[in-house]
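Under the UniProt record's numbering, the first residue of the sequence shown is numbered 1, with each subsequent residue one higher.
We treat Cβ as the ideally placed atom computed from N, Cα and C, and that holds for glycine.
Note that the structure is a prediction, hence the values are computed from the model and not measured.
Scroll down for the structure; my scribbles are underneath it.
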Amino acid sequence: MNATADRLRLILGDQLNASHSWFQHTDPQTIYVIAEMQQETAYVKHHVQKVCAFFAAMTQFATALESAGHRVMHLTLDDTKPFERIDDLLNHLIAEHHITHFEYQLPDEYRLRSTLERYCLSLSISSQVYESEHFFLSETQIEKEFKPNHHHRMEPFYRKMRKRFNILMEEGEPVAGKWNFDSANQNKLKPSEFDSVPTPLLFANDVTDILKRLKCHNVTMIGQANNQLLWPVNRQQANELLVFFCRYCLPLFGKFQDAMTCKLDDMLTQKQWSLFHSRLSFALNAKILSPMQVINAAITEFNQRQDAIDIAQIEGFVRQILGWREFVRGIYWRNMPDYQNLNKLEASRSLPSWFWTGKTKMNCMHHAIQQSLDFAYAHHIQRLMITGNFCLLTGIKPDEVDEWYLGIYIDAIEWVEMPNTRGMSQFADGGIIASKAYAASGNYVNKMSDYCSDCHYNVKQITEPKACPLNALYWHFMHTHIEQFNNNPRTRMVYANWKKKSEEQQQAILDKARLLLLELEGL
1 MNATADRLRL ILGDQLNASH SWFQHTDPQT IYVIAEMQQE TAYVKHHVQK
51 VCAFFAAMTQ FATALESAGH RVMHLTLDDT KPFERIDDLL NHLIAEHHIT
101 HFEYQLPDEY RLRSTLERYC LSLSISSQVY ESEHFFLSET QIEKEFKPNH
151 HHRMEPFYRK MRKRFNILME EGEPVAGKWN FDSANQNKLK PSEFDSVPTP
201 LLFANDVTDI LKRLKCHNVT MIGQANNQLL WPVNRQQANE LLVFFCRYCL
251 PLFGKFQDAM TCKLDDMLTQ KQWSLFHSRL SFALNAKILS PMQVINAAIT
301 EFNQRQDAID IAQIEGFVRQ ILGWREFVRG IYWRNMPDYQ NLNKLEASRS
351 LPSWFWTGKT KMNCMHHAIQ QSLDFAYAHH IQRLMITGNF CLLTGIKPDE
401 VDEWYLGIYI DAIEWVEMPN TRGMSQFADG GIIASKAYAA SGNYVNKMSD
451 YCSDCHYNVK QITEPKACPL NALYWHFMHT HIEQFNNNPR TRMVYANWKK
501 KSEEQQQAIL DKARLLLLEL EGL
């Protein structure tokens with residue numbers, strides 16, 4: 001590579017968008033830099049598969065750009081060790097290559113965006129910022145759609161998005177005459193249906209060198225990993241996984257999108273962790289795939305196979321990407337930085353240590369956490385209604401819950417993690433994102449999974465010695481926060497049922513919950 005260049009362009013690890021306008025033409029005077037930075041491995045304790053996936057995808061993207069004729073500097077942790085911060089590295093590169101102009105794409109994390117904004121103000125050379133050209137809504141459109149510190153609801157937003165982008169629409173009306181088929185998408189997976197679950201498509205990306213590098217630089221991580229990473233790390237693999245999902249998972253995706261099981265696997269198969277889910281979230285959030293591409297592929301499959309794929313399946317999938325994904329991004333950017341400090345329910349307890357090991361007698365928690373440690377993945381109901389519900393009911397500090405979710409999941413980037421966790425899961429935002437707290441007793445877990453059948457605790461009991469902890473904790477939570485939720489139409493029936501219990505029953509339940517809250521480490 002020649003020593004000098006006019007322009008330096010920074011590509012972050014979640015900006016691997018080969019369709020970006022930057023790459024439409026080659027320019028020998030432009031250097032692209034993709035850098036592994038110690039600071040990005042250390043701001044929370046990340047899952048080892050997550051770090052490996054991002055580093056492997058960055059390597060693959062750098063190679064693809066070079067093959068397309070671009071000048072690329074791919075820097076590993078070995079190369080960036082002398083530079084504590086991204087600012088220091090950029091200053092070094094600008095000086096070394098006599099750069100006269102610096103450019104970057106808007107980071108999708110407040111911390112990094114603020115860092116680069118401040119950095120550009122300090123530069124003596126010119127600079128320019130670009131959008132990532134990935135999402136449906138631009139930054140300007142987000143400002144128009146969302147108000148800071150305002151109660152927003154996903155459903156009207158989702159319908160507006162369907163209309164705006166003409167997705168699953170016919171002559172201005174929703175396909176099949178309904179916007180929402182959520183009621184058809186809440187089914188428990190029965191043993192007789194186990195054979196319909198496809199064995200997941202897994203990849204075998206060699207990350208031996210990355211693991212050695214992480215060990216050499218003493219990067220502290222969580223979770224399990226081996227030399228063969230199962231996640232897609234380039235466009236070809238991501239497209240293969242998209243095709244696999246459309247062909248084998250989409251026909252039953254919606255029907256079982258909330259289902260959970262621990263009865264499906266044996267010595268030869270590992271598919272209960274994936275079920276009918278696409279597992280495209282890492283490829284999407286790293287911008288290897290675009291949301292429009294994913295939705296178009298799924299709708300094309302639906303149109304070609306309506307005998308096998310009904311409207312409820314495709315609508316449930318589109319809702320997650322066009323609706324929820326764009327919605328939480330808007331919530332994040334219009335409410336930061338204040339959002340990261342919200343704790344409306346004044347939660348103050350510490351996360352039990354078994355969240356990092358999975359060693360708990362609660363079968364639902366054990367399976368959801370162990371799966372997360374094994375695969376860096378859990379689907380949305382496991383995150384919201386198993387681990388999230390437990391943290392909500394027990395009043396775990398939102399900062400600690402955020403840190404755990406942000407670290408353990410391969411797809412967790414703050415813009416999507418924080419509104420889902422602090423907002424939807426923990427109601428720490430006081431209802432900016434959700435109309436009610438998503439609190440549940442053991443009955444919900446039993447309804448949507450088979451976790452309870454082999455559990456140490458009894459899901460049908462409330463105050464007995466081996467009663468499911470979620471039952472007493474649920475009533476304690478609702479009782480504690482009666483002022484916040486008593487007038488909410490969606491929880492009015494809950495309080496009516498609470499009032500039907502005798503004072504003795506109520507006191508026994510509250511006493512049981514208080515005892516449980518003192519013994520969280522031993523559950």
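- The C-beta distance from glutamate 133 to asparagine 17 rounds to 6 Å, short enough to fall under 8 Å.
- Our two residues, histidine 277 and methionine 169, have alpha carbons roughly 24 Å apart in a direct line.
- For tyrosine 32, the uninterrupted beta strand (DSSP E) run begins and ends at 30 to 35, by DSSP.
- Around alanine 308, the same chain offers Pro251 as residues with beta carbons nearer than 6 Å, after the five sequence neighbours per side are excluded.
- Note that the C-beta distance between threonine 80 and leucine 89 is below 8 Å.
- Burial check for isoleucine 125: the Cβ neighbour count within 10 Å stays below 16, so the residue is exposed.
- Taking a contact as a CB-CB distance under 8 Å, the pair leucine 242 and leucine 289 counts as one, their CB atoms being some 7 Å apart.
- Around the beta-carbon of threonine 261, 16 or more other beta-carbon atoms lie within 10 Å, marking it buried.
- Of the other Cβ atoms in all chains shown, fewer than 16 fall within 10 Å of the Cβ of histidine 98; this residue is therefore exposed.
- Between valine 72 and alanine 57, the C-beta spacing is not below 8 Å.
- The bridge partners DSSP lists for tyrosine 158 come to none.
- Counting of Cβ neighbours within 10 angstroms places alanine 53 among the buried residues, the total reaching 16 or more.
- Closest by C-alpha distance to serine 138, out of Glu326, Asp6, Trp179, is Glu326.
- Taken atom to atom, the span from the alpha-carbon of glutamine 426 to that of alanine 68 is near 45 Å.
- The C-beta of histidine 151 has fewer than 16 other C-beta atoms within 10 Å across all chains shown, which makes the residue exposed.
- DSSP, reduced to helix, strand and coil, places proline 191 within a helical segment of the structure shown.
- The Cβ atoms of glutamine 236 and glycine 316 lie no closer than 8 Å to each other.
- For the 8 Å CB-CB criterion, alanine 437 and leucine 342 do not form a contact.
- Looking at the DSSP output, isoleucine 396 sits in a beta bridge with Arg349.
- Put simply, of Arg162, Thr41, Lys500 the residue whose alpha carbon is nearest the alpha carbon of isoleucine 299 is Arg162.
- The C-alpha of alanine 225 lies about 12 Å from the C-alpha of glutamine 371.
- Boundaries of the beta strand (DSSP E) around serine 126: 126 to 130.
- Cβ-Cβ distances below 6 Å link histidine 379 to His277 in the same chain, with the five nearest sequence neighbours on each side left out; the list follows chain order.
- Residue environment analysis places cysteine 216 among the exposed positions, since fewer than 16 neighbouring C-beta atoms fall within 10 angstroms of its C-beta.
- Contact between serine 348 and glycine 395 holds: CB atoms are separated by about 6 Å, below the 8 Å threshold.
- Judged by DSSP in its simplified three-state form, glutamine 371 adopts helix.
- In the assembly as shown, alanine 95 is an exposed residue. Its beta-carbon has fewer than 16 other beta-carbons within 10 Å.
- Less than 8 Å separates the beta-carbon of tyrosine 32 from that of isoleucine 11.
- Under the three-pair Cβ rule at 8 Å, the segment 469 to 480 counts as touching the segment 497 to 516.
- Across the structure, tryptophan 356 and glutamine 313 are spaced so that their CA atoms are roughly 34 Å apart.
- Annotated three-state conformation of serine 114 is helix, per DSSP.
- The beta carbons of aspartate 206 and histidine 101 sit no closer together than 8 Å.
- Residue state for isoleucine 222 is assigned as strand, using DSSP reduced to three classes.
- If you keep only unbroken alpha helix (DSSP H) runs of at least 4 residues inside the segment 455 to 489, you get 469 to 480, 482 to 485.
- For isoleucine 11, the enclosing beta strand (DSSP E) begins and ends at 7 to 11.
- For methionine 73, the enclosing beta strand (DSSP E) covers residues 71 to 75.
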